[in-house]
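J.: Chains as they are written, first to last, in my numbering: chain C, 31 to 352; chain E, 31 to 352; chain W, 31 to 352; chain Y, 31 to 352; chain L, 31 to 352; chain X, 31 to 352. The structure that follows is given in the form of structure tokens.
6 protein chains.
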Amino acid sequence: MKKLYDYQKDEQLNLFLLIKSAEEKKTRNNKPYLALILQDTSGEISANYWDASPSDVEQFKPGRVIKVDGRREEYNGAPQLRIKQMRLAQDDEPSNPDLYIERAPVNKDKMIEAFNQAVFDITNAHLNRIVRYIMKKYQREFFQSPAAKKNHHAYLGGLAFHTMSMLKIAKSITASYDLLNPSLLYAGIILHDVGKVIELSGPTATEYTLEGKLVGHIVLIYDEISKACVELKIDESHEDVLLLKHLVLAHHGEMEYGSPVRPQIPEAEIIHYIDQIDAKMNMMESALRKTEAGEFSERIWAMDNRSFFKSTVKKERPASEE
Amino acid sequence: MKKLYDYQKDEQLNLFLLIKSAEEKKTRNNKPYLALILQDTSGEISANYWDASPSDVEQFKPGRVIKVDGRREEYNGAPQLRIKQMRLAQDDEPSNPDLYIERAPVNKDKMIEAFNQAVFDITNAHLNRIVRYIMKKYQREFFQSPAAKKNHHAYLGGLAFHTMSMLKIAKSITASYDLLNPSLLYAGIILHDVGKVIELSGPTATEYTLEGKLVGHIVLIYDEISKACVELKIDESHEDVLLLKHLVLAHHGEMEYGSPVRPQIPEAEIIHYIDQIDAKMNMMESALRKTEAGEFSERIWAMDNRSFFKSTVKKERPASEE
Amino acid sequence: MKKLYDYQKDEQLNLFLLIKSAEEKKTRNNKPYLALILQDTSGEISANYWDASPSDVEQFKPGRVIKVDGRREEYNGAPQLRIKQMRLAQDDEPSNPDLYIERAPVNKDKMIEAFNQAVFDITNAHLNRIVRYIMKKYQREFFQSPAAKKNHHAYLGGLAFHTMSMLKIAKSITASYDLLNPSLLYAGIILHDVGKVIELSGPTATEYTLEGKLVGHIVLIYDEISKACVELKIDESHEDVLLLKHLVLAHHGEMEYGSPVRPQIPEAEIIHYIDQIDAKMNMMESALRKTEAGEFSERIWAMDNRSFFKSTVKKERPASEE
Amino acid sequence: MKKLYDYQKDEQLNLFLLIKSAEEKKTRNNKPYLALILQDTSGEISANYWDASPSDVEQFKPGRVIKVDGRREEYNGAPQLRIKQMRLAQDDEPSNPDLYIERAPVNKDKMIEAFNQAVFDITNAHLNRIVRYIMKKYQREFFQSPAAKKNHHAYLGGLAFHTMSMLKIAKSITASYDLLNPSLLYAGIILHDVGKVIELSGPTATEYTLEGKLVGHIVLIYDEISKACVELKIDESHEDVLLLKHLVLAHHGEMEYGSPVRPQIPEAEIIHYIDQIDAKMNMMESALRKTEAGEFSERIWAMDNRSFFKSTVKKERPASEE
Amino acid sequence: MKKLYDYQKDEQLNLFLLIKSAEEKKTRNNKPYLALILQDTSGEISANYWDASPSDVEQFKPGRVIKVDGRREEYNGAPQLRIKQMRLAQDDEPSNPDLYIERAPVNKDKMIEAFNQAVFDITNAHLNRIVRYIMKKYQREFFQSPAAKKNHHAYLGGLAFHTMSMLKIAKSITASYDLLNPSLLYAGIILHDVGKVIELSGPTATEYTLEGKLVGHIVLIYDEISKACVELKIDESHEDVLLLKHLVLAHHGEMEYGSPVRPQIPEAEIIHYIDQIDAKMNMMESALRKTEAGEFSERIWAMDNRSFFKSTVKKERPASEE
Amino acid sequence: MKKLYDYQKDEQLNLFLLIKSAEEKKTRNNKPYLALILQDTSGEISANYWDASPSDVEQFKPGRVIKVDGRREEYNGAPQLRIKQMRLAQDDEPSNPDLYIERAPVNKDKMIEAFNQAVFDITNAHLNRIVRYIMKKYQREFFQSPAAKKNHHAYLGGLAFHTMSMLKIAKSITASYDLLNPSLLYAGIILHDVGKVIELSGPTATEYTLEGKLVGHIVLIYDEISKACVELKIDESHEDVLLLKHLVLAHHGEMEYGSPVRPQIPEAEIIHYIDQIDAKMNMMESALRKTEAGEFSERIWAMDNRSFFKSTVKKERPASEE
């Protein structure tokens, strides 16, 4: 079935969408309308539903699936949906909200498998035990949490998918540089953002929690490592434990980005770069997916407000890579 | 008895001093000499001991007290001691090194009393118990530790003295602003720098420890609060506990100074300013103590390399304050 | 009587308010309306009055008191008043505009008394005479002027109240540090912002004057000190006079905030911090007054756009302070 | 045979070294000495040769191999060689200077092979031809040039080795992200620093050339691409050519690092990160090679003057990677 | 005939204007209107045309001349035109769009003459030939192009006029400083912004071209010099050619403004300042032209968002200058 | 007669020089020597006089003229004089110190004439009177003072010469831009740095005065204008007076360079640029005067530590300028 972003600009559309948010507003001359954000797995779009009656307000609540007849337009360079008419989806229609939520492009089982392999590759006993302990404690949340409130990987399973992508890059980099300790690097990557399961409220309508704001995911995961050691009776003064703690503290690279210390071991420096690469690839991918070839994307706030060009040049995998 | 800094520039002196450090060096044409730092409670001074024989090197070690005959001079604006001759102090002379070490200007008992009063003023039960627990655990180190490796309060007892001075200012500020929670403010001040007992190696020849470098005192004290809660069976999700943790994390005020989060409650913002005031007053006092009236001090690196003017204007306490 | 901010969000209200400003606007489809800012002593709120007739525009002018029937709402996180109906207050109702203007929480006589005491504590004769001269010259304006156009203490008497609060803190700080000269510190604090009576147009509809923009309050008060010396036949080359001039020039602490020189005496450094503390406490107080406990305040632009948390933890003065 | 950096601190040594530079100096009291930098393939070290006679000055010239009897010491944390005696190497001794020059750890043939494969993987015809043309034109210089005057890969073959390492990482990253065009990425990496063969004077006693200073390697390679197109009759307005030019211009990532434009296509953003990773790994490797386990390295200027910790924790390749 | 900006605020007007842009929009309650930008040679103004019918949309296209009856108003401090009615200009009315386009205040022939003189003053043969070659190649575009998309000299002929003004200042500066090479300075100024004829799309509805965005005018003109040398068989390794290339690369003064190298010869430093002076004079002139005497102008974004005061003081040329 | 900088590097010299400063020092092994700075009108050079006897120290004092036999050398890229022997100049030799002091390249009478013309061109009566008054008050100091302690125009008459050069540029700029008020611009330039006669101690051994440090030349000249108005009974609220005050306050262009307000009228913006041009031309001239053609100069600290290239390309005035 055709998805929201399979339609071109100015094309008529008729499809099922999930109401992500619905805010009751009034026009300047006091007429009520609904400011909606609608979504399916191809992305989300804003839309205004004019002249909303009280019963409209009552039925078109966030979490409901609707059938919309309208047109995909553009407003100030951002996609917008003009609604001609809409109604709630019925029971015999695809009305399950889960069908419309954006989620990681790899399914959970595949990801679990990848993590199991990575944990297996952590041959250092202390690090292996700490990682297993924390992953077990937060397994459910870890595979659901987004990697951020917005910006990058802001969807169900985004945190796990982001972490998995980083592990893949890390593997090829450790192969190139003897200087790096694979156990430390893998353990650091797996744990680096786990604090986000406490910092963020979850995959839908994601907000920062009070702990998230007042402490932040960097110190929250530090604390989890600390408590894991107590629980597992691992002496925290072991150098490998201390280095792991340093890795999670330093992974933002610079103090002004919230790391209380700057990287002081090669693994800490490298995690920072791998994190950057995967986050930025994800942001560019999202922005360019919505852009026509030969045009520039919308500006990406978290990349210094730059806009990226979608090339018309053909991409071709070299034979040697197939 | 006259102290080192009771002597004027270019005055002859003859007094007992402690060898703080002694480095064996060679002149460009290969003659051995000792680069010394000597001290008594009035401050420290550098001095070169030329043509040092192997037995000189052997006897003039750090920690020994010597009797020096020489002259106080100046080199590039910094005080320097020209040594005419020197010998080890004898047993019937004031040869106890403790007599020469710079230390807090208030004795430990007085400080303990002040802290007891402050802890008593923490009426919030959770905060009171956490503060007592940590202060008891680190009592010995807390009253010995300097507040920094260099810059401010870098002497025996400096950490406790700095903290006590902050409490005094805090008391008058809470009296002015209803917005502030005294329990929270006092608890935050008492704990804010306790992590330095782990970050620094101690009051003499102070260095950063490995934990100090890779984690830092801000996260170290956070971890202590966290562990105190476990030990005291205080649920860490209580808002007062969370705010205390936030206070210690945010007390550097800005992320680029190592706080992983910026102040988000008034008490956190205010601790930052009180910390600044006391640290800067201490640095200016140290620099101006060595400056003649009517002159500018040496530059203070930690205050953007500024130099301060020592006024010749008479100071007078107003009658109302006596 | 219940004030504007005694009402909760979404509560119906019916009360007298002063029109602070009233701008005639048109909706996109060309219907006239009035964009109002209304206030009483508890604060101000914006409101739109739709379908304003020419006679409405005529009568609902700034400076008039109105009786409003409406509801306190919220728009984009900022409080807003939805007007059901409104009319001018009548003569037998509380129609005096002065009753609605925000002003310093301490009355003028109390403040005058506090300043008299502070001036009395300036025992240095030159400084005492200069301060008396300038305060007499600008007495009326000083006790009326706000401390700023917006941000902090932006109300009638705000300048005097801000200065008085700083004196209180200064008193406790001079008591702790012998290094400081109380006469100099008090004189510097009293004068530091007096230039604002020239820089700003006054307590209502405050704007920058041309002199305020092209010269600024820092140099304006410097000039006043200079002229006071001529008038009082005090030789300006006296060190105490020069230091006072330095204090007012340096009180913004950093050149990028408009001080032509950075602090070079301890009193100058300390005034800067006391100024910061009082300004920031005032901004946090204002923001948190409008915030529900357990929520974050609106962002405070002048504090790096941070938002502050209003704690639900009970505050308690320690017994020792009562 | 034992190399320079196989000796520990304070160990006696007796080995052949190349004179990298020799500056005639005088001590403060006017005695001549030679300030030498000596090297073998394990690294370089400074040394002073005291009381140098005119004939010493004559014979101990840069480029000569000497036999040295001395001791490895440390001065201000940097390694230094104390010379007891030294003489020129004789013809029947290993007197060929080439034996002592630091060079890429992979030999030229291996590198050529890697580049051939990478060029083969550039399936886009324009890009393939441009890359072949430029690589042929500068082949000799490319495999000799260092990648920088100092900081990273500052040795014979360093430029080629750095480029090859980047290609390896790029290969694994293109495999992860469909968004990237492999032809463009590989062509961009191969060419990104080729301008350094013009910017720098060559592998020994490397200096910036006048063109290097006034134009810089970024614009120099841009110009080469431009000229290659003229030569190869490729229309420069083809989008693939324009993108390649953009890649080399933007590869420093930020304008303040000398890129006249910031990255505006994903390949440009990614090259910047891969460049950073390889340069920084190389700098950390160099610094940590000279550091004892359990100690911190010397400060690395090009990494914000940070110092890195050499861990004592055992490194182990996971079984899955063998 | 009276122009747009000869009318005061709130004055009725009735005049011919060119439609610069016309965007079809909808009000919040879905009524169509045209958001217009109208202009004549005195400047441009925005205006909304409410209740636009399909035939209105059809006829009121960019590039058409209209007759407007309306009033000059102000909205948020920016001039705005309220349209009472409007219609297309007829053939016997001044309907030629060229009559309304803002253009350089000096006509093209005068400018050509000035450039001829300047080129004549370039006595260095290489530089003279290069300048002539490039100016001939781009003559038509050079005298049409604006100097920027917005900010300064953003009108037909703006690039040539800006360059000519710079030459005038340069002439007086070279007369004062022997250090400067006039040939080099004049050649550098003439060419410095010629790359803008490629970077920008032309004098109307100016946009950045793809090359403009991905390469930028600084490197584009570098490339033109390089190609001119090939064409003219001038060896590019001549120092004068290299210095000219350096001049165009360095003329933005700082790397963060897009120069890949900073000025390293006096002529490069000075061009940067002359460029700044002329650009800023132009921006201040434009802003103050629209400002009443005694008021502050709108904020100028490219001058750090400053606002400038339009003085009421009489200007008088000194007799000596007439 | 040949001057110091007429000698090449490594050339023997024998000439008269003035001792600018002479500091008694000791070598590491305690031998006394004199660290001298010697000068004639071509510039200054440092030199060490080894094994200085007490009578040497007595006779070779600053302010004495000596005859030196030695060699011009280079040390760390800076010129240095190696002294073979030296003696005091005798009465029948050129022993007048004034013959050796660096001074403005234009004599005082010529400069006075230029200033008279400029003052004559200030047709605005208020500004004319204020300028005359202040110039008369400080005439003697103005024509003696350097323009700075170091960096630019740091010689006798430097302040007047710098100001005169700025006037020359200003004249050509006002001719180009009608926007500028010549009276205001000339008055602003003449006065902008007059505060330096109070800020600096004078042309020899220049130091900052206490007023210079605590107030600074920007506010000092503001104060002089203020007092001139009182003296001349000119009402300070006249707009022209206020603008003149603004000019001197704003002439450093940015607040972080010490201007308490940023430029808000075109004349203020332009003075800043003219000041920059003349200061930088002077610094580049000084540095390049000591540089061989084809080489780079020493780094110029006040120009972001850049080094400038001395071109070998022939300079030629165009015929049209002769």
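Here a beta-carbon is modelled for each residue, glycine too, at the ideal position from N, C-alpha and C.
Taking K114 of chain L as the reference, give the member of L:E123, L:E322, L:R102 with the closest Cα.
T.: L:R102
J.: Using the beta-carbon of each residue, which ones in chain X are nearer than 7 Å to T153 of chain L?
T.: E346, P348
J.: Looking at the unbroken beta strand (DSSP E) that takes in M116 of chain X, where does it start and where does it end?
T.: 108–118
J.: Hey, how far is the Cα of N181 of chain W from the Cα of S202 of chain X?
T.: The alpha-carbon atoms of N181 of chain W and S202 of chain X are separated by roughly 45 Å.
J.: Could you tell me whether any Cβ in chain W is nearer than 8 Å to the Cβ of M285 of chain X?
T.: yes
J.: Provide the residue(s) that pair with F326 of chain Y in DSSP beta bridges, ordered along the chain.
T.: Y:F339
J.: Return no unless some Cβ of chain E is closer than 8 Å to the Cβ of P290 of chain C.
T.: At a cut-off of 8 Å between C-beta atoms, P290 of chain C counts as an interface residue with respect to chain E.
J.: Give every residue of the same chain whose Cβ lies closer than 8 Å to the Cβ of Y130 of chain W, excluding the five residues on either side of it in the sequence, and list them in chain order.
T.: The answer, listed in chain order, is F46, L47, L48, Q69, D70, T71, V95.
J.: So which of E:E74, E:M313, E:A148 has the shortest CA-CA distance to A332 of chain E?
T.: Ranking the options by Cα distance to A332 of chain E, first place goes to E:M313.
J.: According to the neighbour-count rule (16 or more other Cβ atoms, all chains shown, within 10 Å of its Cβ), is Q174 of chain L buried or exposed?
T.: Classification of Q174 of chain L: buried, given that the 10 Å Cβ count is 16 or more.
J.: Which class does S202 of chain C belong to by DSSP, given the choice of helix, strand or coil?
T.: helix
J.: With 16 as the cutoff for other CB atoms within 10 Å, does N137 of chain W come out buried or exposed?
T.: exposed
J.: Hey, how far is the Cα of E299 of chain L from the Cα of Y287 of chain L?
T.: 14 Å
J.: Report yes if the CB atom of I251 of chain E is closer than 8 Å to the CB atom of G225 of chain E, and no otherwise.
T.: I251 of chain E places its beta carbon less than 8 Å from that of G225 of chain E.
J.: Quick check on the burial criterion: 16 or more other C-beta atoms within 10 angstroms. Buried or exposed for N126 of chain X?
T.: exposed
J.: Among the candidates C:Y79, C:L197, C:I142, C:S195, whose CA atom is the shortest distance from the CA of R170 of chain C?
T.: C:I142
J.: Going by C-alpha to C-alpha distance, which of L:E297, L:L318, L:D223, L:S267 sits closest to R336 of chain L?
T.: L:L318
J.: Could you compute how far the alpha carbon of V291 of chain Y sits from the alpha carbon of V291 of chain L?
T.: 13 Å
J.: Where are the alpha helix (DSSP H) runs, 4 residues long or more, that stay fully inside the segment 232–290 of chain W, in chain order?
T.: 240–244, 247–262, 269–280
J.: Could you work out which residues of chain W lie near G218 of chain X, taking near to mean beta carbons separated by less than 8 Å?
T.: In chain order: nothing, as chain W lies at least about 13 Å away.
J.: CB-CB under 6 Å to K56 of chain E, same chain, minus the five flanking residues each way: which ones, in chain order?
T.: P62
J.: Go through its chain and collect everything with a Cβ distance to M194 of chain W's Cβ below 6 Å, but skip five positions before and after it.
T.: M141, A144
J.: Given that R241 of chain Y touches chain L, what residues does it touch there, using C-beta distances under 7 Å?
T.: Residue 241 of chain Y is actually Glu in this sequence, not Arg. Near E241 of chain Y (Cβ distances below 7 Å), the residues of chain L are L272.
J.: Quick one: is the Cβ of P84 of chain E within less than 7 Å of any heavy atom of the ligand ATP?
T.: What this structure holds is no ligand at all, so the ligand ATP is not there to describe.
J.: Measuring CB atoms only, is the segment 248–265 of chain Y touching the segment 252–271 of chain L, in the sense that at least three cross pairs come out at less than 8 Å?
T.: yes
J.: Starting from the C-beta of A119 of chain W, find all residues in its chain whose C-beta is less than 7 Å away, skip the five residues before and the five after it, and write them out in chain order.
T.: F46, V95, I96, K97, S125
J.: Given this structure, state the Cα-to-Cα distance separating L230 of chain E from L240 of chain E, to the nearest angstrom.
T.: Straight through space, the alpha carbons of L240 of chain E and L230 of chain E are spaced by roughly 9 Å.
J.: If contacts are defined as beta-carbon pairs under 8 Å, then D223 of chain W and A177 of chain W qualify, I think. What distance do you get, rounded to the angstrom?
T.: Beta-carbon to beta-carbon, D223 of chain W and A177 of chain W are separated by about 6 Å, close enough to satisfy the 8 Å threshold.
J.: Compare the C-beta of H276 of chain L against all C-beta atoms of chain Y and say whether one is closer than 8 Å.
T.: yes
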